[in-house]
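Colleague: Sharing a structure below in structure tokens format, with a few things to ask.
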């Protein structure tokens, strides 16, 4: 079947041309952390702030992706891996379009995040660790998922009966226990602008 596939990437407008047009360097900023850590909230704030500053960014969020393109996947480790593989491929397409891509996914293991990094490309992949203690995430329990996990209503939940492996060398780490959302957004925006400014 692969012999019938003929990609046309080499004939499309080049990434470098798109980056000049958008006046920004494209990159993927991968937000990882436990459910309830604040990944999506911070990513949403960053997207809005970047737009206000004249940068084009797009958030890819776990719930949104699972409602659409990945709605056929479960939360098993294998399906989580496939979930991240597809997201990384989508992110790579965004980067080739010159867009700053903000990925908000638990992506619980080192191996899964390494897969994403390998697909996107090491130079374009920036890991941002939203470091929030489990006790705080569980106290927030925005979606009521921790309660369901503790009662056994759902299984394979990261941090409860499925592991979360913290990043070893993230490009940016936010310890959110005593950090306001706006402060977190400020720190991420500062890092991103230093990275994407032409």
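Residue numbers (my numbering): 136 to 333.
Glycine included, each C-beta is placed from N, C-alpha and C at the ideal position.
1. Nearest to residue 307 by CA position, among 147, 222, 212, 265, is which residue?
2. What's the call for residue 169, buried or exposed, on a 16-neighbour Cβ count within 10 Å?
3. Put residue 204 into one of helix, strand or coil per three-state DSSP.
4. What does a CB cutoff of less than 8 Å around residue 296 pick up in its chain, not counting 5 residues either side in sequence?
5. Can you give me the start and stop residues for the beta strand (DSSP E) that residue 196 sits inside?
6. Smallest Cα separation from residue 320: which of 243, 234, 175?
7. For the alpha helix (DSSP H) that residue 271 lies in, which residues bound it at each end?
8. Could you work out which residue in 179, 333, 231, 139 is closest to residue 316 when comparing CA atoms only?
9. So, helix, strand or coil for residue 292, using DSSP?
10. Counting pairs of Cβ atoms below 8 Å between the segment 224-241 and the segment 192-200, do you hit three or more?
11. So which of 140, 165, 138, 151 has the shortest CA-CA distance to residue 326?
12. Classify residue 187 as buried or exposed, calling it buried when 16 or more other Cβ atoms lie within 10 Å of its own Cβ.
13. Which two residues bound the contiguous alpha helix (DSSP H) that contains residue 167?
14. Contact defined as beta carbons within less than 8 Å: I believe residue 200 pairs with residue 235. What is the distance between those atoms, to the nearest angstrom?
15. Count the other CB atoms, across all protein chains shown, that sit within 10 Å of the CB of residue 149; report buried if there are 16 or more and exposed otherwise.
Modeller: For this structure:
1. Here residue 307 refers to the residue found at position 172 when the chain shown is read from its first residue. Comparing Cα-Cα distances from residue 307 to each of 147, 222, 212, 265, the minimum goes to 265.
2. As a working note, residue 169 is residue 34 in the chain shown. That one is buried.
3. To locate residue 204, count along the chain shown from 1; it is residue 69. DSSP places residue 204 in coil when its eight states are reduced to three.
4. Residue 296 sits at position 161 when you count from the first residue of the chain shown. Within the same chain, residue 296 has close Cβ partners 284, 290.
5. By one-based count along the chain shown, residue 196 stands at place 61. Annotation: the continuous beta strand (DSSP E) that includes residue 196 extends over 192-196.
6. To locate residue 320, count along the chain shown from 1; it is residue 185. Comparing Cα-Cα distances from residue 320 to each of 243, 234, 175, the minimum goes to 175.
7. Here residue 271 refers to the residue found at position 136 of the chain shown. Counting along the chain, the alpha helix (DSSP H) containing residue 271 begins and ends at 269-275.
8. Your numbering for residue 316 matches position 181 in the chain shown. Selected option, being the one with the closest Cα: 179.
9. Along the chain shown, read from residue 1 onward, the residue named residue 292 stands at position 157. Correct three-state label for residue 292: coil.
10. yes
11. The residue labelled residue 326 in the question sits at position 191 within the chain shown. Out of 140, 165, 138, 151, 165 has the C-alpha closest to the C-alpha of residue 326.
12. As a first step, residue 187 must be located in the chain shown, where it is residue number 52. The residue is exposed, with fewer than 16 neighbouring Cβ atoms inside 10 Å.
13. Mapped onto the chain shown, residue 167 falls at position 32. From DSSP, residue 167 is part of no alpha helix (DSSP H) but of the beta strand (DSSP E) over 163-167.
14. In the chain shown, counting from the first residue as 1, residue 200 sits at position 65. In the chain shown, counting from the first residue as 1, residue 235 sits at position 100. Actually they are not in contact, since the Cβ atoms of residue 200 and residue 235 sit about 17 Å apart, beyond 8 Å.
15. For the purposes of this step, residue 149 is identified with residue 14 of the chain shown, where counting begins at 1. That one is exposed.
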